[in-house]
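Protein chains: 2
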Amino acid sequence: MLAVALAVTLGAAQAATPSQTTISPKSIDAATQLRERALNDDTGYKVVESLTTEVGPRMAGSEADARAVAWAQAKFKQLGFDRVWTEPVTFPKWERRSESAQVLGDHSQKLAVTALGGSPGGTIEGEVVRFADLASLQAAPAGSLAGKIAFIDHEMERAKDGSGYGMGSRIRSAGPSAAIRAGAAAYMMRSAGTDSHRNPHTGITHFDDGLAPIPSAALAAPDAEQLARLVALGKPVRVKLALDCGWNGTATSYNVIGEMRGRSKPDEVVVIGGHLDSWDLGTGAIDDGAGVAIAMGAGKLIGDMKQRPARTIRVVAFANEEQGLFGGRAYGEKHVADVRKHQIGAESDFGAGRVYAFSTSAPDYAKDAAKQIADVLAPLGIAYTPGEGGPGPDVGPFAANGLAWAALRQDGTDYFDFHHTPDDTLDKIDPKALAQNVAAYAVFAYLAADAQGDFGSKPGKVTPPHE
Amino acid sequence: MLAVALAVTLGAAQAATPSQTTISPKSIDAATQLRERALNDDTGYKVVESLTTEVGPRMAGSEADARAVAWAQAKFKQLGFDRVWTEPVTFPKWERRSESAQVLGDHSQKLAVTALGGSPGGTIEGEVVRFADLASLQAAPAGSLAGKIAFIDHEMERAKDGSGYGMGSRIRSAGPSAAIRAGAAAYMMRSAGTDSHRNPHTGITHFDDGLAPIPSAALAAPDAEQLARLVALGKPVRVKLALDCGWNGTATSYNVIGEMRGRSKPDEVVVIGGHLDSWDLGTGAIDDGAGVAIAMGAGKLIGDMKQRPARTIRVVAFANEEQGLFGGRAYGEKHVADVRKHQIGAESDFGAGRVYAFSTSAPDYAKDAAKQIADVLAPLGIAYTPGEGGPGPDVGPFAANGLAWAALRQDGTDYFDFHHTPDDTLDKIDPKALAQNVAAYAVFAYLAADAQGDFGSKPGKVTPPHE
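Protein chains in written order, with my numbering: chain E, 6 to 472; chain A, 6 to 472.
Set out below in structure tokens:
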């Protein structure tokens, strides 16, 4: 009841012209101590170790996904969160059963391949036609690839900010439809990744309305190079692609939510999180066990403070991010009427590399407060980069409906070496880098939760993402 | 006929006390030019590109192995070798059909696993018992592992000279028999490798006489760590290991041999080579397409010289090294009576890293000549390390029967990241490093072939390998 009364009061206050948002010196001191404590704390690493070991791969809708939901509830409780609950998320269920590819004929050999998420099953034998990029395939005349296998051989660029994934993911999402329009019987792409291992990168794809989906898969980088060399020999190269996978009804999973209650405005929340589901090939350590662990770890450290921040810290382990932001969309839809109660949101979903940049969607009246947060983050090697970044994927749908957001951008130089591959395993996480992330999220969440004033959350799309 | 007459004369000369072996200044000059030419030549890289692309994986006795034999004959001819022939090698044939492993129960998840060569097939469900090392398993009492799966969790050490593989390969070869003696139903090991990817390392294993073989497999490093963490949770961990593989009759493959004829003593030969077979998981680029390419490339460059060396350069692409040095043993047995006609031998079978050390089995009267060779190798960054190294694996059996040998030791720091895994592919080879290898082999082979006097080949085990 208290919570409701406070909310009504606050709602009235926020409807007026907002005054300057500020953070007290006492809060800054507390956040500084919190930062140092977090750097020497291994809660985050232990959380991701537990999730990736005890649950392992947890594709949305699978039996393991259900175990992950139970794990998250138990872990929140074990970490001392005051309130733990779930919110259902329903989505189409996609299954991977088996997959293989083989060069036929004089150069017979296997290729390391994985189905793209959403691909139908099927066994196709056809001649491979190589395209250097998406535009070339999109320019192929209708019918020109009848019975053939379209192959886009684009090498994704390595970048700290992951910008190479823009083209990489476009090739994954738009390539199959382009192949279908040219008449192809199947689609293959060089993985959207930056490594050179025999571990192909999966990821969701998409078929435009009105097109009949075709088997669509990604080759490991060495296999894409091998196929390109075989094609370059000048004789037709035939490949057999055999995928057993596809959509199979619907499934319900859950956003799992834990709260550390605020001391004076408990019905207002700072939302941080990661997504609980993973692809099935690896154990989802960097994508996104790390994000769940960073948010849980930050929440735990704030919960342990002698004096909690004014507002509540809400940690969300989102359901089914990988196949279409289902958890993030469900959260945004369910809570849109409460947008003003959401102080600000941020999701960690870019691996376990160190945070190197901080920014927010803060309007002018909250920019000083954002700068105050940035100053406490600076000793972690984090630059203040206003005007850059954007909300994490699962925060995105709510941000599009008025949620203020913060970006704690991570160094993704190596992220796409492992992303969506069997190699996304715990050993790829540096515990010290993870602790730096926990420290950054703890500082940000604490200070945002203890600020006087808000960061601009209100109904409507107030602050478009910068990227 | 000429060759036979020369051989008789030479045989008589070598029976007397050998005089000092020397190399002429003219030979040194020619080798120096050869070295520089080789550094700027891409023959070696093109050879390994052709083998790994056009044939791909080529496990001994497989259809692809037969293609590799045809490829090698054609490649020798294409490179201008004067004489090309094959010598049959017969061996038991082992086949890999499928393999998988899965943790059962509350933490159900797949493990990346591969059968060890020589393993029988079988599906075993059992509790995993972890051992930190081979000695611990060997100390397990008889019957103590009844129905269980023995798991050795040793992490192989990284070393430039590959010395960590000593223990790694012992665990692979001796572990299964130790497991059987303790009553185990199956055997698993952390791969003998230095990487952290989901690509397990295969390799031949062995079962002691009188023991009934059990399914035996290697886990990828991240999977071994995962299994160790699961065991450390303190409850029994059950795994299902399903291997479909085993011995299947015998097969005949071939040592493929090409010669560049010497100008004045053509029946005497310097033998260099690599092995043509590979494991089936990768395309056998570093193991041992590189060795075949280095030897073929060196032979080609020597063959192209305006003045050939006195003796013949014989390049051997050995059959079935991986499953027991069958090609090397067959060559040694077939040619043992001609040991004196073999000036010296060297095999490249340690990847494609740069050669950093040179040594030989040369007796005292040939040490000055060895030093002369070392002086021409020195600008390649190669140290002269007399008393170290040993013959390559396929030269080993013949060296044990009197063949003089040279070691051109390669930097193997990264070799065991890829060795015997799906990741042994062309992209792991640095073309410049490969050219350095070709230059080293060309210099060595040319100077040994043009020396006045011999390097100590004679019947009997004259010079034990240093390692």
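Even glycine gets a Cβ: it sits at the ideal position worked out from N, Cα and C.
DSSP state of P93(A) mapped onto helix, strand, coil: Reading the second sequence from its first residue, position 88 is the one you call residue 93(A). Strand, per DSSP.
Which of helix, strand or coil DSSP assigns to A10(A): For the purposes of this step, residue 10(A) is identified with residue 5 of the second sequence, where counting begins at 1. Residue confidence is low: A10(A) scores 35 on pLDDT, short of 50, so the model does not pin down where it sits. Its coordinate-derived value is still stated next. Correct three-state label for A10(A): helix.
Any non-hydrogen atom of the ligand MG closer than 7 Å to T255(A) Cβ: Absence of the ligand MG from the depicted structure is noted, as is the absence of any ligand whatsoever, leaving it without description.
Boundaries of the alpha helix (DSSP H) in which G49(E) is found, first to last residue: The count along the first sequence starts at 1 and reaches residue 49(E) at position 44. Segment T48 to S55, the alpha helix (DSSP H) holding G49(E).
Residues from the segment 36-58 of chain E in contact with chain A, defined by Cβ distance under 9 Å: E54, T57 and T58
CB contact check: E393(A) to chain E, cutoff 8 Å: Taking the first residue of the second sequence as 1, we reach residue 393(A) at position 388. Chain E, which has no Cβ nearer than 8 Å to the Cβ of E393(A), makes this no.
7 Å Cβ shell around G289(A) - same chain, five flanking residues per side excluded: Stepping through the second sequence from its first residue, residue 289(A) is reached at position 284. So the list reads T57, P62, R63, S283 and D429, once near-sequence residues are dropped.
From A438(E), Q348(E) and G386(E), residue whose alpha carbon lies closest to that of G458(E): Stepping through the first sequence from its first residue, residue 458(E) is reached at position 453. Looking at the Cα atoms, Q348(E) is the closest of the given residues.
Chain A contact for A117(E) (CB, 8 Å cutoff): Locating residue 117(E) in the first sequence gives position 112, counting from the first residue. Yes, because at least one Cβ of chain A sits closer than 8 Å to the Cβ of A117(E).
Buried or exposed by the 16-neighbour rule on C-beta atoms within 10 Å, applied to Q377(E): Position 372 of the first sequence, counting from 1, holds the residue named residue 377(E). Burial call: buried.
Chain-ordered chain A contacts of G198(E) [CB-CB under 7 Å]: Reading the first sequence from its first residue, position 193 is the one you call residue 198(E). Here the premise fails: no neighbours, minimum Cβ distance about 13 Å.
Where D428(E) meets chain A, residues with beta-carbon distance less than 7 Å: Translated into positions along the first sequence, residue 428(E) becomes position 423. Chain A residues near D428(E): H202 and R203.
Three CB pairs or more closer than 8 Å across the segment 388-406 of chain A and the segment 170-177 of chain A: no
E393(A), enclosing beta strand (DSSP E) - first and last residue: On the second sequence, residue 393(A) is found 388 positions in, with the first residue counted as 1. Here E393(A) belongs to no beta strand (DSSP E), and DSSP marks it neither H nor E.
N253(E): first and last residue of the uninterrupted beta strand (DSSP E) it sits in: Your numbering for residue 253(E) matches position 248 in the first sequence. Its beta strand (DSSP E) spans residues R243 to M265.
D451(A) - partner residues in DSSP beta bridges: Locating residue 451(A) in the second sequence gives position 446, counting from the first residue. Looking at the sequence provided, one finds Tyr at residue 451(A) rather than Asp. According to DSSP, Y451(A) bridges with nothing at all.
Cβ-Cβ distance between A295(A) and A367(A) below 8 Å: Residue numbering aside, residue 295(A) sits at position 290 when the second sequence is read from its first letter. Residue numbering aside, residue 367(A) sits at position 362 when the second sequence is read from its first letter. Not a contact, by the Cβ cut-off of 8 Å.
Stretch pair the segment 109-123 of chain A + the segment 213-231 of chain A: three plus CB contacts closer than 8 Å: yes
Beta-carbon gap between K165(A) and G465(A) smaller than 8 Å: The residue labelled residue 165(A) in the question sits at position 160 within the second sequence. The residue labelled residue 465(A) in the question sits at position 460 within the second sequence. Contact: no.
Buried versus exposed call for R102(E) [16 or more other C-beta atoms within 10 Å across all chains shown]: Numbered from its first residue, the first sequence carries residue 102(E) at position 97. Exposed is the call here.
Residues in the segment 231-242 of chain A having any Cβ partner in chain E nearer than 7 Å: Q231, R234 and L235
Buried or exposed (CB count within 10 angstroms, at least 16 for buried), G239(E): Looking up residue 239(E) in the first sequence gives position 234. It is exposed - the Cβ of G239(E) has fewer than 16 other Cβ atoms within 10 Å.
Simplified DSSP assignment, three categories, for P464(A): Position 459 of the second sequence, counted from the first residue, corresponds to residue 464(A). Here P464(A) sits in coil by DSSP.
Interface positions of the segment 136-168 of chain E facing chain A (Cβ-Cβ less than 8 Å), listed along the chain: Per Cβ criterion, the list is empty.
Coil, strand or helix - G16(E) by DSSP: Position 11 of the first sequence, counting from 1, holds the residue named residue 16(E). In this prediction, G16(E) has a pLDDT of 42, which is less than 50 and means its spatial position is unreliable; what the coordinates show is noted afterwards. Helix, per DSSP.
Whether G287(A) touches T426(A) by CB criterion (8 Å): Taking the second sequence and counting its residues from 1, one reaches residue 287(A) at position 282. Taking the second sequence and counting its residues from 1, one reaches residue 426(A) at position 421. In terms of Cβ geometry, G287(A) and T426(A) form a close pair [threshold 8 Å].
C-alpha gap between P384(A) and Y336(A), whole angstroms: On the second sequence, position 379 is the one that residue 384(A) refers to. On the second sequence, position 331 is the one that residue 336(A) refers to. Computed Cα separation, rounded: 33 Å.
Residues near L408(E) in its chain [Cβ-Cβ closer than 7 Å; skip 5 each side]: Residue 408(E) sits at position 403 when you count from the first residue of the first sequence. Same-chain partners within the cutoff: V344, H347, G350, V400 and S462.
L340(A), enclosing alpha helix (DSSP H) - first and last residue: As a position in the second sequence, residue 340(A) is number 335, starting the count at 1. First, the amino acid is wrong: residue 340(A) is His here, not Leu. Looking at the DSSP string, the run of the alpha helix (DSSP H) that includes H340(A) is F331 to H340.
Length-filtered (3 minimum) beta strand (DSSP E) runs lying within the segment 126-184 of chain A: If we require 3 residues or more, the beta strand (DSSP E) runs fully inside the segment 126-184 of chain A come out as 127-136 and 154-157.
Alpha helix (DSSP H) runs wholly inside the segment 364-388 of chain A, at least 4 long, in chain order: 372-382
Beta carbon proximity, A256(A) to chain E, threshold 8 Å: Residue mapping note: residue 256(A) aligns to position 251 of the second sequence, counting from 1. No, A256(A) does not count as interfacial toward chain E.
Residue nearest to A73(A) in terms of C-alpha spacing, selected from R88(A), V53(A) and F86(A): Taking the first residue of the second sequence as 1, we reach residue 73(A) at position 68. Selected option, being the one with the closest Cα: V53(A).
C-alpha distance - P402(A) paired with I209(A), whole-angstrom precision: Position 397 of the second sequence, counted from the start, is the residue given in the question as residue 402(A). Position 204 of the second sequence, counted from the start, is the residue given in the question as residue 209(A). One C-alpha to the other measures close to 18 Å.
Residues of its chain near W252(A), where Cβ-Cβ distance is below 6 Å and the 5 sequence neighbours each way are ignored: Taking the second sequence and counting its residues from 1, the one referred to as residue 252(A) is at position 247. The residues are P97 and W99.
Spatial neighbours of S149(E) in its chain, beta-carbon cut-off 7 Å, leaving aside the 5 residues before and after: Reading the first sequence from its first residue, position 144 is the one you call residue 149(E). Closer than 7 Å at Cβ, skipping near neighbours: A187 and G188.
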